[in-house]
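Trainee: Quick note: the sequence shown, position 54, residue 54 per the UniProt record's numbering, numbers continuous.
Cβ atoms here follow ideal geometry from the backbone N, Cα and C, with glycine treated the same way.
Note that the structure is predicted; figures quoted are calculated from it, not measured.
Pasting in a structure now, in C-alpha coordinates, and then I'll have a few things to ask.
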Amino acid sequence: MHTITQRLETIQEHMVQACQRAGRSPHEVQLMAVSKRQSSSAVSEAIEAGQLLFGENRVQEAKEKQPTVSMPAGVQPQWHMIGPLQKNKIKYIGELFHMVQTVDTLTLAQAIGARMQAEQRQMPILLQVNVGGEAQKNGMTAEALEEQVRHIAQIPGVRIQGLMTVPPYLEDPQQVRPYFRALYTLANHVQQMRLPGVAMETLSMGMSHDFHVAIEEGATMVRVGSALFGERRVA
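Following this line, the structure appears as C-alpha coordinates:
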(Lines of atoms letter the chains of each structure in order from A; the text may use other names.)
(Lines give C-alpha, C1' and ligand atoms only; values in the text may rest on other atoms or scores of the structure.)
Protein backbone atom coordinates (compact mmCIF):
# COMPACT_ATOMS: atom_id res chain seq x y z
CA MET A 1 0.00 0.00 0.00
CA HIS A 2 1.38 3.37 -1.03
CA THR A 3 1.92 6.07 1.56
CA ILE A 4 0.80 9.67 1.16
CA THR A 5 4.45 10.61 0.61
CA GLN A 6 4.78 8.11 -2.24
CA ARG A 7 1.51 9.21 -3.81
CA LEU A 8 2.58 12.84 -3.59
CA GLU A 9 5.80 12.06 -5.45
CA THR A 10 3.85 10.23 -8.17
CA ILE A 11 1.40 13.12 -8.60
CA GLN A 12 4.25 15.61 -8.81
CA GLU A 13 5.93 13.47 -11.48
CA HIS A 14 2.71 13.39 -13.51
CA MET A 15 2.38 17.16 -13.15
CA VAL A 16 5.90 17.68 -14.46
CA GLN A 17 5.20 15.37 -17.41
CA ALA A 18 1.99 17.25 -18.26
CA CYS A 19 3.87 20.55 -18.12
CA GLN A 20 6.55 19.18 -20.43
CA ARG A 21 3.92 18.05 -22.94
CA ALA A 22 2.40 21.54 -22.86
CA GLY A 23 5.73 23.36 -23.03
CA ARG A 24 5.16 24.89 -19.60
CA SER A 25 7.34 25.28 -16.53
CA PRO A 26 6.30 23.04 -13.60
CA HIS A 27 6.67 26.13 -11.41
CA GLU A 28 3.55 27.56 -13.07
CA VAL A 29 1.24 24.95 -11.52
CA GLN A 30 0.34 24.53 -7.86
CA LEU A 31 -0.95 21.32 -6.32
CA MET A 32 -3.82 21.65 -3.90
CA ALA A 33 -4.44 18.67 -1.63
CA VAL A 34 -8.20 18.32 -1.21
CA SER A 35 -8.42 17.37 2.45
CA LYS A 36 -12.19 17.42 2.89
CA ARG A 37 -13.35 14.44 4.95
CA GLN A 38 -9.73 13.44 5.56
CA SER A 39 -8.33 13.02 9.06
CA SER A 40 -5.99 15.56 10.60
CA SER A 41 -3.33 12.84 10.78
CA ALA A 42 -3.53 12.39 7.00
CA VAL A 43 -3.13 16.15 6.53
CA SER A 44 -0.20 16.14 8.96
CA GLU A 45 1.45 13.36 6.95
CA ALA A 46 1.02 15.36 3.74
CA ILE A 47 2.57 18.43 5.39
CA GLU A 48 5.48 16.30 6.58
CA ALA A 49 5.96 15.24 2.95
CA GLY A 50 6.12 18.88 1.84
CA GLN A 51 2.53 19.61 0.77
CA LEU A 52 1.47 23.05 2.02
CA LEU A 53 -1.75 23.94 0.15
CA PHE A 54 -5.04 22.36 1.19
CA GLY A 55 -8.68 22.69 0.19
CA GLU A 56 -11.70 22.22 2.43
CA ASN A 57 -15.34 22.33 1.39
CA ARG A 58 -17.02 22.87 4.75
CA VAL A 59 -16.30 25.67 7.19
CA GLN A 60 -17.21 23.62 10.26
CA GLU A 61 -14.89 20.77 9.30
CA ALA A 62 -12.01 23.17 8.66
CA LYS A 63 -12.67 24.85 12.00
CA GLU A 64 -12.44 21.56 13.85
CA LYS A 65 -9.57 20.07 11.84
CA GLN A 66 -7.06 22.88 11.51
CA PRO A 67 -6.15 23.14 15.23
CA THR A 68 -5.50 19.39 15.39
CA VAL A 69 -3.08 19.25 12.46
CA SER A 70 0.52 18.81 13.57
CA MET A 71 3.31 20.41 11.58
CA PRO A 72 7.02 21.16 11.85
CA ALA A 73 8.03 24.43 13.51
CA GLY A 74 7.89 27.40 11.17
CA VAL A 75 5.67 25.65 8.62
CA GLN A 76 2.47 27.49 7.71
CA PRO A 77 0.14 25.65 5.33
CA GLN A 78 -2.42 27.56 3.29
CA TRP A 79 -6.10 26.68 3.29
CA HIS A 80 -8.61 27.46 0.55
CA MET A 81 -12.39 27.19 0.68
CA ILE A 82 -13.50 25.04 -2.26
CA GLY A 83 -17.11 24.26 -1.34
CA PRO A 84 -20.38 26.19 -1.25
CA LEU A 85 -20.18 28.95 1.33
CA GLN A 86 -23.23 29.60 3.49
CA LYS A 87 -23.84 33.19 4.52
CA ASN A 88 -23.92 32.31 8.23
CA LYS A 89 -20.40 30.85 7.97
CA ILE A 90 -18.79 33.91 6.37
CA LYS A 91 -17.82 35.29 9.79
CA TYR A 92 -15.28 32.46 10.14
CA ILE A 93 -13.53 32.59 6.78
CA GLY A 94 -11.00 35.31 7.65
CA GLU A 95 -9.45 33.18 10.38
CA LEU A 96 -9.63 29.90 8.46
CA PHE A 97 -8.90 30.54 4.79
CA HIS A 98 -6.37 32.33 2.61
CA MET A 99 -8.70 32.24 -0.41
CA VAL A 100 -12.32 31.47 -1.30
CA GLN A 101 -12.51 29.66 -4.65
CA THR A 102 -16.28 29.31 -4.91
CA VAL A 103 -17.69 32.81 -5.34
CA ASP A 104 -20.52 32.42 -7.84
CA THR A 105 -22.90 35.32 -7.13
CA LEU A 106 -22.68 39.04 -6.61
CA THR A 107 -24.58 38.65 -3.33
CA LEU A 108 -21.99 36.23 -1.94
CA ALA A 109 -19.12 38.49 -3.01
CA GLN A 110 -20.80 41.45 -1.30
CA ALA A 111 -21.29 39.49 1.92
CA ILE A 112 -17.65 38.37 1.95
CA GLY A 113 -16.49 41.90 1.17
CA ALA A 114 -18.54 43.40 3.99
CA ARG A 115 -17.11 40.93 6.49
CA MET A 116 -13.54 41.47 5.31
CA GLN A 117 -13.96 45.24 5.53
CA ALA A 118 -15.15 44.85 9.11
CA GLU A 119 -11.96 42.88 9.79
CA GLN A 120 -9.86 45.42 7.85
CA ARG A 121 -8.49 42.87 5.44
CA GLN A 122 -8.94 41.63 1.88
CA MET A 123 -9.93 38.14 0.80
CA PRO A 124 -8.54 36.83 -2.49
CA ILE A 125 -11.34 35.08 -4.38
CA LEU A 126 -11.86 33.00 -7.49
CA LEU A 127 -15.07 33.20 -9.46
CA GLN A 128 -16.63 29.78 -9.95
CA VAL A 129 -17.90 29.20 -13.48
CA ASN A 130 -20.22 26.34 -14.39
CA VAL A 131 -18.64 25.59 -17.77
CA GLY A 132 -20.70 22.43 -18.23
CA GLY A 133 -24.03 24.13 -17.60
CA GLU A 134 -24.98 21.39 -15.13
CA ALA A 135 -28.08 22.25 -13.12
CA GLN A 136 -26.85 20.39 -10.03
CA LYS A 137 -23.58 22.33 -9.81
CA ASN A 138 -22.84 25.79 -8.49
CA GLY A 139 -21.17 28.45 -10.58
CA MET A 140 -22.10 31.41 -12.71
CA THR A 141 -22.69 30.88 -16.40
CA ALA A 142 -20.02 31.75 -18.92
CA GLU A 143 -22.44 34.28 -20.42
CA ALA A 144 -22.88 36.08 -17.10
CA LEU A 145 -19.19 36.17 -16.21
CA GLU A 146 -18.25 39.50 -17.80
CA GLU A 147 -21.04 41.44 -16.11
CA GLN A 148 -20.40 39.73 -12.76
CA VAL A 149 -16.69 40.53 -12.94
CA ARG A 150 -17.44 44.21 -13.52
CA HIS A 151 -19.69 44.36 -10.45
CA ILE A 152 -17.58 42.22 -8.12
CA ALA A 153 -14.40 44.09 -9.03
CA GLN A 154 -15.87 47.18 -7.36
CA ILE A 155 -16.52 45.50 -4.00
CA PRO A 156 -14.08 46.52 -1.26
CA GLY A 157 -12.75 43.64 0.80
CA VAL A 158 -12.44 41.10 -2.01
CA ARG A 159 -9.90 40.78 -4.79
CA ILE A 160 -10.56 38.67 -7.89
CA GLN A 161 -7.51 36.52 -8.59
CA GLY A 162 -8.83 34.09 -11.17
CA LEU A 163 -11.43 31.50 -12.08
CA MET A 164 -12.38 28.04 -10.85
CA THR A 165 -14.53 25.29 -12.33
CA VAL A 166 -15.80 21.78 -11.61
CA PRO A 167 -16.51 20.37 -15.09
CA PRO A 168 -18.72 17.35 -15.79
CA TYR A 169 -17.22 14.06 -14.62
CA LEU A 170 -16.41 11.92 -17.65
CA GLU A 171 -14.63 8.58 -17.52
CA ASP A 172 -12.29 9.58 -20.34
CA PRO A 173 -10.27 12.61 -19.16
CA GLN A 174 -9.72 13.64 -22.77
CA GLN A 175 -13.43 14.35 -23.09
CA VAL A 176 -13.13 16.95 -20.32
CA ARG A 177 -10.55 18.91 -22.34
CA PRO A 178 -13.07 21.27 -24.02
CA TYR A 179 -14.35 22.41 -20.62
CA PHE A 180 -10.86 23.23 -19.39
CA ARG A 181 -10.16 25.03 -22.65
CA ALA A 182 -13.38 27.02 -22.22
CA LEU A 183 -12.31 28.28 -18.78
CA TYR A 184 -8.89 29.24 -20.11
CA THR A 185 -10.57 31.22 -22.90
CA LEU A 186 -12.82 32.97 -20.39
CA ALA A 187 -9.83 33.89 -18.23
CA ASN A 188 -8.09 35.42 -21.24
CA HIS A 189 -11.22 37.44 -21.99
CA VAL A 190 -11.41 38.76 -18.43
CA GLN A 191 -7.71 39.62 -18.51
CA GLN A 192 -8.25 41.67 -21.67
CA MET A 193 -10.94 43.69 -19.87
CA ARG A 194 -8.08 45.26 -17.87
CA LEU A 195 -10.18 46.04 -14.84
CA PRO A 196 -8.34 47.59 -11.87
CA GLY A 197 -7.70 45.08 -9.11
CA VAL A 198 -8.67 42.08 -11.23
CA ALA A 199 -6.03 39.48 -12.06
CA MET A 200 -6.30 36.11 -13.75
CA GLU A 201 -3.35 34.64 -11.88
CA THR A 202 -5.11 31.47 -10.79
CA LEU A 203 -6.96 29.01 -13.00
CA SER A 204 -8.16 26.31 -10.62
CA MET A 205 -9.30 23.27 -12.58
CA GLY A 206 -8.59 19.58 -12.80
CA MET A 207 -8.95 16.85 -10.17
CA SER A 208 -7.50 13.42 -9.44
CA HIS A 209 -8.45 11.66 -12.68
CA ASP A 210 -8.04 14.55 -15.14
CA PHE A 211 -5.52 17.03 -13.70
CA HIS A 212 -2.94 16.18 -16.36
CA VAL A 213 -5.36 17.32 -19.08
CA ALA A 214 -6.18 20.48 -17.11
CA ILE A 215 -2.48 21.34 -16.94
CA GLU A 216 -2.16 20.87 -20.70
CA GLU A 217 -5.04 23.33 -21.09
CA GLY A 218 -3.61 26.04 -18.86
CA ALA A 219 -4.46 25.22 -15.23
CA THR A 220 -2.29 27.00 -12.67
CA MET A 221 -3.77 25.03 -9.77
CA VAL A 222 -5.07 21.47 -9.68
CA ARG A 223 -7.19 20.05 -6.86
CA VAL A 224 -6.24 16.47 -6.02
CA GLY A 225 -7.86 14.43 -3.26
CA SER A 226 -8.28 10.68 -3.71
CA ALA A 227 -5.10 10.28 -5.78
CA LEU A 228 -3.16 11.66 -2.82
CA PHE A 229 -5.04 10.50 0.26
CA GLY A 230 -6.79 7.40 -1.04
CA GLU A 231 -10.38 6.88 -0.02
CA ARG A 232 -11.81 9.47 2.35
CA ARG A 233 -11.28 8.50 5.94
CA VAL A 234 -13.80 10.57 7.87
CA ALA A 235 -17.56 10.30 7.44
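(1) Who are the Cβ neighbours of residue 215 in its own chain at under 8 Å, not counting the five residues just before and after it?
(2) State buried or exposed for residue 70, treating a residue as buried only when at least 16 other CB atoms are found within 10 Å of its CB.
(3) Which two residues bound the contiguous alpha helix (DSSP H) that contains residue 122?
(4) How should residue 87 be labelled, buried or exposed, when 16 other C-beta atoms within 10 angstroms of its C-beta is the threshold for buried?
(5) Beta-carbon separation of residue 161 and residue 199 under 8 Å?
(6) Given residue 89, which residues of its chain have a CB within under 6 Å of its CB, disregarding the five upstream and five downstream residues?
(7) Helix, strand or coil, according to DSSP, for residue 55 in the structure here?
(8) Spatial neighbours of residue 67 within its chain, please: C-beta separation below 6 Å, excluding the five flanking residues on both sides.
(9) Reducing DSSP to helix, strand and coil, say where residue 82 ends up.
(10) Mapping the DSSP letters down to three states, classify residue 96 as helix, strand or coil.
(11) Taking 8 Å as the threshold (C-beta atoms), are residue 32 and residue 8 in contact?
(12) Measuring only the C-alpha atoms, how far is residue 78 from residue 97?
(13) Using a 10 Å radius around the Cβ and a threshold of 16 neighbouring Cβ atoms, would you call residue 234 buried or exposed?
(14) Checking the sheet assignment: what are the DSSP bridge partners for residue 162?
(15) Kindly indicate which residue of 210, 212, 166, 118 has the alpha-carbon position closest to the one of residue 126.
(16) Under three-state DSSP, which class holds residue 219?
(17) Measure the alpha-carbon distance for residue 138 versus residue 130 and round it to whole angstroms.
(18) Under a three-way DSSP split, which group does residue 193 fall into?
(19) Which partner residues of residue 31 appear in the DSSP bridge assignment?
(20) Give me whichever residues DSSP pairs with residue 140 in a beta bridge.
(21) Is residue 117 helix, strand or coil when you go by DSSP?
(22) Per DSSP, what are the beta-bridge partners of residue 103 in this structure?
Mentor: On the basis of the supplied data:
(1) 15, 18, 19, 22, 24, 29, 206, 222, listed in sequence order.
(2) With a threshold of 16 other beta carbon atoms within 10 Å, residue 70 falls short and is exposed.
(3) No residue range can be given for residue 122, since it is assigned to no alpha helix (DSSP H) and is classified by DSSP as neither H nor E.
(4) Here residue 87 is exposed. Its C-beta has fewer than 16 other C-beta atoms within 10 Å.
(5) In this structure, residue 199 lies closer than 8 Å to residue 161 by Cβ.
(6) Cβ neighbours of residue 89 beyond the five flanking positions: 59.
(7) In the structure shown, residue 55 sits in a strand (DSSP, three-state: E or B).
(8) None.
(9) Residue 82 falls in the coil class under three-state DSSP.
(10) Looking at residue 96 - three-state DSSP - the assignment turns out to be helix.
(11) Contact: no.
(12) The C-alpha of residue 97 is placed about 7 Å away from the C-alpha of residue 78.
(13) Confidence in residue 234 is poor, its pLDDT being 49 and thus under 50, which makes the residue's placement too unreliable to answer from.
(14) Looking at the DSSP output, residue 162 sits in a beta bridge with 126, 202.
(15) Ranking the options by Cα distance to residue 126, first place goes to 166.
(16) Here residue 219 sits in coil by DSSP.
(17) Answer to the nearest angstrom: the Cα atoms are 6 Å apart.
(18) Under the three-state reduction of DSSP, residue 193 is assigned to helix.
(19) Residue 31 has 222 as its beta-bridge partners, per DSSP.
(20) DSSP lists 129 as partners of residue 140.
(21) Residue 117: helix per DSSP, three-state reduction.
(22) For residue 103, which the question treats as bridged, DSSP gives the partners 127.
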